[in-house]
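Here the sequence shown is numbered in our numbering, starting from 98 and rising by one per residue. Ideal placement from N, C-alpha and C gives every residue a C-beta, glycine not left out. In this text, all values refer to a predicted model and were calculated from it rather than measured experimentally.
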Amino acid sequence: MSAALSNYLCKILLILADMNEAKSLIEDFAFIRTDKNFYQCRDSHMSIAMDMILLEQWGKDGVIKALKDIKLENYDSCVNLGFAGSCSPDLPLQNFYTINSVSQLSKTTPEQLDSAIELEIIAIPNLPKATLVSAHTPYKHGFHETFQLVDMEGYAIARLCKNHNLRCMMIKIISDYATQEGGEYLKKHRDVLAEKLSYAFTSSIYAIVEASIPSQI
């Protein structure tokens, strides 16, 4: 572990899909870009080190590619923030949630779960909870009786964290309904969605730190 990172009490890795999701967070926390898709924020007063990585492509392959040179064991926790589609009319647009479990959708029958085990992750206590399913391709199959939120990266991130015994948390904001027309809403509102996503993280930072290093607080 580098000396600069190891000197901090709490070390958090943030994973976001792209700049559309990350731009407000980068501005609000004054992240500094240190590599193509890698940003750093250091708070010496709070002894918190946050590194942020943006994926170059969506889905499992994007996660594997982005994290292949990242030493996950250097961090206390990983937080995946991002936009997610809503598979339920009861979950309104622009609401944000913490995720408590993630499942993988079938590649051949995307309206069903595949055989991969459901993964439980740490729910952030100050946010409302939802479950997440991860699709192999953009999910546009409409509302579902049991699915709540859908993305493309969450399951791969949760699996990597589990394999490395790394605490995993997620904050998702509903960017569209999972319908053929849903993407138009996202295009029109991505700036405010990014702002609200940053707000959700800011309002949760103390809970995230406490969950990241529970034995030291």
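Practice task
Quick one: using the 10 Å Cβ neighbour count with 16 as the cut-off for buried, is residue 143 buried or exposed?
Solution key: For this step, residue 143 is matched to residue 46 along the sequence shown. So residue 143 ends up on the exposed side.
Problem - Per-residue DSSP class, three states only, for residue 105 - result: For the purposes of this step, residue 105 is identified with residue 8 of the sequence shown, where counting begins at 1. Here residue 105 carries a coil assignment [DSSP, helix/strand/coil].
Exercise for the section: List the DSSP bridge partners of residue 198. Expected result: Counting from one through the sequence shown, the residue named residue 198 turns up at place 101. DSSP, once it has assigned bridges, lists 217 and 228 as partnering residue 198.
Exercise for the section: In angstroms with no decimal places, state the Cα-to-Cα distance between residue 112 and residue 149. Expected result: Position 15 of the sequence shown holds residue 112. Position 52 of the sequence shown holds residue 149. Approximately 6 Å, taken between the alpha carbons.
Practice task
Could you say which of 255, 310, 270 and 299 lies nearest to residue 201 if we only look at CA atoms?
Solution key: Here the question's residue 201 lines up with position 104 in the sequence shown. Comparing Cα-Cα distances from residue 201 to each of 255, 310, 270 and 299, the minimum goes to 255.
Practice task
Check whether the Cβ atoms of residue 294 and residue 118 lie closer than 8 Å to each other.
Solution key: Within the sequence shown, numbered from 1, the residue matching residue 294 stands at position 197. Within the sequence shown, numbered from 1, the residue matching residue 118 stands at position 21. Yes, Cβ-Cβ distance for residue 294 and residue 118 is below 8 Å.
Handout entry: Cβ shell of residue 259 (< 7 Å), same chain only, five flanking positions each side left out
Key = Along the sequence shown, one-based indexing puts residue 259 at 162. Excluding residues up to 5 positions away in sequence, 216 lie with their Cβ nearer than 7 Å to the Cβ of residue 259 in the same chain.
Handout entry: For residue 137: DSSP bridge partner residues
Key = Counted from its first residue, the sequence shown places residue 137 at position 40. Partner(s): 129 and 148.
Practice task
Mind the definition here: the stretch 221-239 touches the stretch 122-141 only if three or more C-beta pairs lie below 8 Å; say whether that holds.
Solution key: No, they do not touch.
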